[in-house]
Structures are given as C-alpha cells and as structure tokens.
Amino acid sequence: MLRPPRSGTHVQSEPGGLLPPRRRVVDVEVRRLRMLARQPQHAHQAAPAQGEHSAEILRETGFSDAEIATLSADGTIVGDVSTD
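Here is the structure:
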C-alpha cells in the first residue's frame, strides 16, 4: 500500500492511469456553493394535497371512471375523484 506522500506521484495517479486526477477540496466546495447559489431559494407553488392527482393518474393508466369511483368509495384512494 502506498503512503499518502507518494500516492500522488505513483504511475496510476498520472493522466492515463487508473485513478482520476486529484481535486483540491477547496475547488470542489466552491463549485458546490456556486451551484447552490444558482438554484431558486423558495418553492413557487405549494405541494399537492394528498390524493389530489390520484384520479387523473389512474385514468392515464387505464382505469375507468366507474373503477375509480369504486376505489374511492372503498377508501382505497383519497382526494377529489370527480370526472373532469
């Protein structure tokens, strides 16, 4: 096993070797901070309510309105299951 001072000069750590080039920790952290700074700081809309899209998704996957109504009556799904 190589000791830390020699590991950077080993043939496998050079370009074309087996190990990727070593990055400085500071460079990686600066990149992360820049990436976070570009992201929005707050959500633009609230999260959907529980079951808000259940009927819509079930329709898209092939369930009929009658089947969805049955699932709602049984309590299997929650939310608004009205037909659009």
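Each residue of the sequence shown is one higher than the last, beginning at 2 in the numbering used here. A virtual CB, placed ideally from N, CA and C, is assigned to each residue, including glycine. Since this is a predicted model, take the numbers as computed values, not measurements.
Residue i: buried (16+ other C-beta within 10 angstroms of its C-beta) or exposed?
i: residue 73; result: buried
Below 8 Å on the Cβ atoms is my guess for residue i versus residue j; work out the distance and round it to an integer in Å.
i: residue 53; j: residue 80; result: 5 Å
_Touch test, the region 30 to 42 against the region 52 to 59, Cβ-Cβ under 8 Å, three pairs minimum_ = Short answer: they don't touch.
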